[in-house]
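K.L.:
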Amino acid sequence: MNYLSLSLVELHNLIVSGKVTPEQLVKDSLELARKDNNNAFEYICEKEAIEEVKNLDPKLKDSIFYGIPIVIKDNFSTKDIPTTGSSNILKGYIPLFSSEVALRLKKAGAILIGKTTLDELAMGGSGTTGHLGTTFNPWDPTHQHLIGGSSCGSAAAISGGIVPFAVGSDTGDSVRKPANNAGLVGFKPTWGRISRYGLFPFATSLDHVAYFNRTVEDAALTLNVLAGRDEKDASSSLVPVVDFVKNINDSIKGKKIAVIKEIVDSINNKTIIDAFNKSINMLRDNGAIVDEVSVDIKLLKAIYPTYIIISCAEATSNNANLDGIKFGNRIEGDSFEQVMINTRNNGFSELIKRRFVIGSFSLLSENANELFIRAQKCRRLIVDAFNKVFENYDAIYCPASPSAAPLMDSVSDTLSNEYLIADNYLAYGNMGGFPSITLPIGFENGLPFGANLTAKPFDESNLLKIANSLEKATGLSSLVAGKEK
Ligand code: GLN
0 MNYLSLSLVE
10 LHNLIVSGKV
20 TPEQLVKDSL
30 ELARKDNNNA
40 FEYICEKEAI
50 EEVKNLDPKL
60 KDSIFYGIPI
70 VIKDNFSTKD
80 IPTTGSSNIL
90 KGYIPLFSSE
100 VALRLKKAGA
110 ILIGKTTLDE
120 LAMGGSGTTG
130 HLGTTFNPWD
140 PTHQHLIGGS
150 SCGSAAAISG
160 GIVPFAVGSD
170 TGDSVRKPAN
180 NAGLVGFKPT
190 WGRISRYGLF
200 PFATSLDHVA
210 YFNRTVEDAA
220 LTLNVLAGRD
230 EKDASSSLVP
240 VVDFVKNIND
250 SIKGKKIAVI
260 KEIVDSINNK
270 TIIDAFNKSI
280 NMLRDNGAIV
290 DEVSVDIKLL
300 KAIYPTYIII
310 SCAEATSNNA
320 NLDGIKFGNR
330 IEGDSFEQVM
340 INTRNNGFSE
350 LIKRRFVIGS
360 FSLLSENANE
370 LFIRAQKCRR
380 LIVDAFNKVF
390 ENYDAIYCPA
400 SPSAAPLMDS
410 VSDTLSNEYL
420 IADNYLAYGN
430 MGGFPSITLP
440 IGFENGLPFG
450 ANLTAKPFDE
460 SNLLKIANSL
470 EKATGLSSLV
480 AGKEK
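Read in order, the letters of the sequence shown are residues 0 to 484 in numbering that gives the first Met the number 0.
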């Protein structure tokens, strides 16, 4: 049996009862990582993991992560372990400190098996733009379908059965979208809920620590480990942390859920709509009140362009430190300026440069009013519109994507509502800092697809309760590639 395909809870019970040892799990996980043919890994922690599991403190035995092999996206700093952001500009970079997320997981007894591939510096959604090339979707052994990104390697490692838990980051939808394509639970808690210390910043006002699990219960247990103020990250929140698992099985009777009509209407795929409608009935059967609610379509169409301007502007400024002077893959030159020019020209791919051009152009004083400031105002209107929905509803529920995993070379009509709304609306969760979770609701031609639930800031408990109730009703949990339920 491949224990690594189990949920955290199941695996933890086996470890505690002595049916499987952390040493064995780590050995098996490393072997599967070595055999991975989906390009999920930037670095496999061969020696480090073996060493760590040897020194595992038995006092941690009650921790859900005790002896559990995990992976972390390669844009989280890990001390003494190469961290590249899947970009040539950081080739060979070995951080001197660990991200808070990596530290908390280690303190909880998790064993880091590897650092995973991403779209370069987390800027992308296809899982094809990292410096190691395309990451493939384990659900399609013929490698014709995308897993999506930017947290592509983390999604591939967990859905491929290599680890039962994977860390990612989500600035626009980078965990919640690949979760759709890989049959996973993808969870982004509230902005500020989890420390971002040591996460390479892409767009600070939108960046969230996020992660993949196989069950909603696992997602809640993980939040218990990761949530909470960190003095090293001034943007981490002082809001008290509760036990997110305690009430997860409570009834959702009377919970009010809004389905946004314009988002659903922008989806053409009938299989997805049918499965989504069925899932609404399940929520109703479980006692929730589900209503169709309208949001101004102009605002929905503005989410993606607004996201692009704000995220590119912030990225331009955040990534100004990658200049080859202090660290990173330095290309020599006759002057400091020339070192920076050579390093940046050589280190960033065309796609990243394009984003920096968009960002710099939007920030130029002669353009800022028309672009950056306008995008900020637009963000306010978008967030206000969703906050208005939350005045009357506990959660918003919509399909996570207009399709299951797309084909490698699929092209979208970038001006269609399907692209502008259904394919890119999840960024509203980042704009408002709302907690947001994607979970599987169906299959099309052997490929899974999901739906998304989003709630008010810091209302993770309610969100997880609703998601858990839905997951129980669909029966679609613990999905691992190749085993359709
Ligand atoms: N796909 C989005 C982008 O291209 C989201 C990226 C992310 O969340 N990191 O920027």
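Glycine included, every Cβ here is placed at the ideal spot set by N, Cα and C. These numbers come from a predicted model, not from an experiment.
Return yes when the C-beta of Gly124 is under 8 Å from any heavy atom of the ligand GLN, and no when it is not.
P.N.:
Result yes, Cβ under 8 Å from the ligand GLN.
K.L.:
Measuring from the CB of Thr116, is there a heavy atom of the ligand GLN at a distance below 8 Å?
P.N.:
Every heavy atom of the ligand GLN is 8 Å or more from the Cβ of Thr116, so no.
K.L.:
Tell me, which residues are paired with Tyr210 by DSSP?
P.N.:
Val166 and Phe186, per the DSSP bridge assignment.
K.L.:
Which of the three DSSP states is assigned to Cys492 in this structure?
P.N.:
The chain is shown only over 0 to 484; residue 492 falls outside these bounds and no answer can be derived.
K.L.:
Do Ile302 and Tyr392 have their C-beta atoms within less than 9 Å of each other?
P.N.:
No; because the gap between Cβ atoms is not below 9 Å, this pair is not in contact.
K.L.:
Buried or exposed, going by whether 16 or more other CB atoms sit within 10 Å of the CB of Ser348?
P.N.:
Buried, since its Cβ has 16 or more Cβ neighbours within 10 Å.
K.L.:
Using the C-alpha atoms, what's the distance from Ala155 back to Leu145?
P.N.:
Roughly 10 Å separates the two Cα atoms.
K.L.:
Within the continuous beta strand (DSSP E) that includes Val289, where are the two ends?
P.N.:
Run containing Val289: Ile288 to Val292, per the beta strand (DSSP E) assignment.
K.L.:
Are three or more beta carbon pairs between the segment 179-193 and the segment 155-167 nearer than 8 Å?
P.N.:
Yes, the segment 179-193 is in contact with the segment 155-167.
K.L.:
State buried or exposed for Val100, treating a residue as buried only when at least 16 other CB atoms are found within 10 Å of its CB.
P.N.:
Per the 10 Å Cβ criterion, buried.
K.L.:
How big is the Cα-Cα spacing for Asn341 and Ser334?
P.N.:
Each residue's alpha carbon lies about 10 Å from the other.
K.L.:
Going by C-alpha distance, which of Ala394, Ile63, Phe275 and Ser125 is nearest Gln143?
P.N.:
The option with the nearest alpha carbon to Gln143 is Ser125.
K.L.:
Have a look at Lys260 and Gly327 and give me their C-alpha separation to the nearest angstrom.
P.N.:
Their backbone Cα atoms lie some 47 Å apart in a straight line.
K.L.:
Grab me the residues of Arg103's own chain with a C-beta within less than 7 Å of its C-beta, minus the 5 sequence neighbours each way, in chain order.
P.N.:
Contacts found: Val224 and Leu225.
K.L.:
How about Phe442 and Ala403: are their beta carbons less than 9 Å apart?
P.N.:
In contact: Phe442 and Ala403 (Cβ atoms closer than 9 Å).
K.L.:
Which residues in the same chain have their Cβ closer than 7 Å to the Cβ of Ile266, if we skip the five residues on either side of it in sequence?
P.N.:
Contacts found: Ile272, Pro398, Pro401, Glu417 and Ala421.
K.L.:
Taking C-alpha atoms, which residue in Arg228, Leu237 and Thr214 lies nearest to Ile247?
P.N.:
Among Arg228, Leu237 and Thr214, the Cα nearest to that of Ile247 is on Thr214.
K.L.:
Just to check my reading of the structure: Gly171 and Tyr306 have Cβ atoms closer than 8 Å, yes? What is that Cβ distance to the nearest angstrom?
P.N.:
So it is a contact: roughly 6 Å between Cβ atoms.
K.L.:
On the DSSP bridge assignment, give the partners of Ser28 in chain order.
P.N.:
Answer is none; Ser28 lacks a bridge partner.
K.L.:
Using DSSP with H/G/I as helix, E/B as strand and the rest coil, what is Ser468?
P.N.:
Ser468 falls in the helix class under three-state DSSP.
K.L.:
By DSSP's criteria, Leu563 is part of a beta bridge. Which residues make up the other side?
P.N.:
For the chain, the structure presents residues 0 to 484; residue 563 sits outside this window and is missing.
K.L.:
Let me confirm a value: Ala319 is counted as buried when at least 16 other C-beta atoms fall within 10 Å, else exposed. Which label applies?
P.N.:
The residue in question, Ala319, is exposed, as its Cβ has fewer than 16 Cβ neighbours within 10 Å.
K.L.:
If you drop the 5 nearest sequence neighbours on each side, which residues of the same chain put their C-beta closer than 7 Å to that of Lys60?
P.N.:
Counting only Cβ-Cβ distances below 7 Å, and skipping sequence neighbours, we find Val15.
K.L.:
Buried or exposed for Arg33, going by 16 or more other Cβ atoms inside 10 Å?
P.N.:
It counts as exposed.
K.L.:
Grouping DSSP H, G and I as helix and E and B as strand, with all else coil, what is Val238?
P.N.:
Looking at Val238 - three-state DSSP - the assignment turns out to be coil, as it is neither helix nor strand.
K.L.:
The beta strand (DSSP E) spanning Glu443 covers which residue range?
P.N.:
Its beta strand (DSSP E) spans residues Ser435 to Glu443.
K.L.:
Got a sec: does the ligand GLN put a non-hydrogen atom nearer than 8 Å to the Cβ of Phe385?
P.N.:
Because no heavy atom of the ligand GLN lies under 8 Å away, the Cβ of Phe385 does not count as near it: no.
K.L.:
Please tell me whether, using a cut-off of 8 Å, the distance from the CB of Phe326 to the nearest non-hydrogen atom of the ligand GLN is below it.
P.N.:
Checking the Cβ of Phe326 against the ligand GLN gives no.
K.L.:
Hey, how far is the Cα of Ala107 from the Cα of Leu131?
P.N.:
Cα to Cα, Ala107 sits roughly 31 Å from Leu131.
K.L.:
Count the other CB atoms, across all protein chains shown, that sit within 10 Å of the CB of Thr413; report buried if there are 16 or more and exposed otherwise.
P.N.:
Burial call: exposed.
K.L.:
Which word fits Gly253, buried or exposed, when buried means at least 16 other C-beta atoms lie within 10 angstroms of its C-beta?
P.N.:
So Gly253 ends up on the exposed side.
K.L.:
Buried or exposed: Leu363, going by 16 or more other Cβ atoms within 10 Å of its Cβ?
P.N.:
Looking at its Cβ environment, which holds fewer than 16 other Cβ atoms inside 10 Å, Leu363 is exposed.
K.L.:
What is the rounded straight-line gap between the Cα of Gly537 and the Cα of Phe75?
P.N.:
Since the displayed the chain opens at 0 and closes at 484, residue 537 lies outside it and no answer follows.
K.L.:
Taking only runs that begin and end inside the segment 301-376, name each unbroken alpha helix (DSSP H) of 4 or more residues, in chain order.
P.N.:
The segment 301-376 contains these whole alpha helix (DSSP H) runs: 335-346, 349-362 and 364-367.
K.L.:
Select from Asn12, Asn37 and Ile43 the residue whose C-alpha is nearest the C-alpha of Asp27.
P.N.:
It is Ile43 whose Cα lies nearest to the Cα of Asp27.
K.L.:
So if DSSP puts Phe40 in a beta bridge, which residue, or which two residues, is it bridged to?
P.N.:
Phe40 is bridged to Thr115.
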